[in-house]
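A.B. asks: Once you've had a glance at the structure underneath, I'll fire off some questions.
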């Protein structure tokens, strides 16, 4: 039984990788993945064989990695954050049955919701929903329906893929849906370039978030009705009494 | 400026801790936290000072840790998983303003939703909601409202604190809410003792989950309408075409 390891490398800096992720990369013959993520780990493993593919070639990338594993190679496919959240773990599990003798194992990592929350303060201390605004694979109607349900039930909302070159107004449209239920004063935050050069955070109201610029390196947090700005940190109380 | 570090140690085994978490514990004078979590890291740092408190003493625990930091000690408060998800980060941020000169920094870790998803397969590949069934700090009506909203909008649902000695029927009641919208055949999974002695996973239908026994070391996953059982793995397709 050979294995394809789907390795979450966390937000991008070496320090936020788990020891298990490092050990898995060290033990691998081939490190595969989307070019940008492979380049984040390459300096630490210069002696490895690398297999990189461009964006949007997910199916080909995973098939190639499974084929290498079927040949007996020890293959580690890297994903930013965690491979199990909008990453490659699902596709690897879906495609694996066509490669008998290959098993998929996900090595979890620190997803952007966690690393972004950490630098913003503590926005995810209570129930939350995670929603991607990318409509490449999901109809926008489904995304809106989920935003509406999350806002109506007062979830904190963590947004992945808030915008791209082709989807400049998605965050604005998402804010409009949330504003049907939430106050324009709701505390929100954006974490950018988490764990990388240029890391930054900014807090703002939901009304301001509607006008904010984001990019593919931004993770967006919309507070619930209890979320506070405490000295510049975004904090959702769990409900402990402490007066 | 002294710091209180809230350190997520992941599911419990040393390998799933990030390097940054390890470095933070190594650099600390005092390791504080709930006894069970402190005992998980104590063997690796036998030379440290330890400060443990029992369950339900969260406010006292965090105040004591902040007071030690205010005295100039380098304090690391450990949480299982990630301190920013039902952990101590929020309370630390709420209480910190009373300790001038002390700043709180969260060192993120692999939360049970990620480590549990990894051993089950890939259940969180699409939009998901994270809900705790503990009604110690949250009215049950709020929990039900969020379960209902999440089920109605076809989120995958990850459930923390599915039961306790005092709340034996919470998971059953939660399943009944989800069953208002979801098929009894919905693919579900339970991850137990993740990264620890006795780690196990089991897949079942939503109808079966309603009758399942869980404990405080269980994390429960309810699939969305697309989630599949692929050879014993729980997999939610993202939507890539691959025929």
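Residue numbers (the working numbering), protein chains in the order written: chain A, 8 to 250; chain B, 8 to 250. Beta carbons are placed, not taken as given, at the ideal position from N, Cα and C, and that holds for glycine.
1) Between the alpha carbons of residue 148(A) and residue 138(A), how many angstroms are there, rounded?
2) Leaving aside the five residues before and after residue 115(B) along the sequence, list all residues of the same chain whose C-beta is less than 6 Å from its C-beta, in chain order.
3) What number of angstroms, rounded off, separates the C-alpha of residue 122(B) from the C-alpha of residue 13(A)?
4) Identify which residue in 75(B), 191(B), 118(B) and 79(B) has its Cα closest to the Cα of residue 20(B).
5) Check distances from the C-beta atoms of the region 81-92 of chain A to those of chain B and list, in chain order, the residues that come in under 7 Å.
6) Can you give me the C-alpha to C-alpha distance between residue 191(B) and residue 229(B), rounded to a whole angstrom?
7) Would residue 9(B) pass as an interface residue toward chain A - the criterion being a Cβ-Cβ separation below 7 Å?
8) May I ask which residues mark the beginning and end of the alpha helix (DSSP H) holding residue 42(B)?
9) State the Cα-Cα distance for the pair residue 216(B) and residue 159(B), rounded to the nearest angstrom.
10) Counting only beta-carbon atoms, is residue 152(A) nearer than 7 Å to chain B?
11) Applying the 10 Å Cβ sphere with the 16-neighbour rule, what's the burial state of residue 184(B)?
12) I'd like the span of the alpha helix (DSSP H) that includes residue 96(B), first residue to last.
13) Can you name the residues of chain A whose CB is closer than 7 Å to the CB of residue 242(B)?
14) Tell me which same chain residues have a C-beta within less than 8 Å of the C-beta of residue 103(B), skipping the five on either side of it?
15) Which residue or residues does DSSP assign as beta-bridge partners of residue 55(A)?
16) Roughly how many angstroms lie between the CA atoms of residue 221(B) and residue 174(A), to the nearest whole one?
17) So, residue 63(B) versus residue 144(A), is the Cβ gap smaller than 7 Å?
18) Please determine, among 129(B), 42(B) and 52(B), the residue with the shortest C-alpha to C-alpha distance to residue 240(B).
19) Which two residues bound the contiguous alpha helix (DSSP H) that contains residue 29(A)?
20) Rounded to the nearest angstrom, what separates residue 55(B) and residue 67(B) at their Cα positions?
21) Within a Cβ cutoff of 8 Å, which residues of the same chain sit near residue 31(B), ignoring the five residues on either side of it in sequence?
22) Under the three-state reduction of DSSP, which class applies to residue 80(B): helix, strand or coil?
23) Pull the bridge partners of residue 197(A) from the DSSP assignment, please.
24) Kindly identify the DSSP beta-bridge partner or partners of residue 165(A).
25) What does residue 12(B) touch in chain A if you count any residue whose Cβ is under 8 Å from its own?
26) Which one or two residues does DSSP pair with residue 235(A) in a beta bridge?
C.D. replies: So, to answer that:
1) 13 Å
2) 15 and 89
3) 13 Å
4) 118(B)
5) 89, 91 and 92
6) 11 Å
7) no
8) 42-48
9) 18 Å
10) yes
11) buried
12) 96-102
13) 97, 100 and 101
14) 11, 73, 109, 110 and 111
15) DSSP lists no partner for residue 55(A).
16) 43 Å
17) no
18) 129(B)
19) 26-34
20) 21 Å
21) 12, 14, 83 and 114
22) coil
23) 209(A) and 227(A)
24) 137(A) and 228(A)
25) The premise fails here: residue 12(B) is roughly 11 Å from chain A at the closest Cβ pair, so nothing lies under 8 Å.
26) 242(A)
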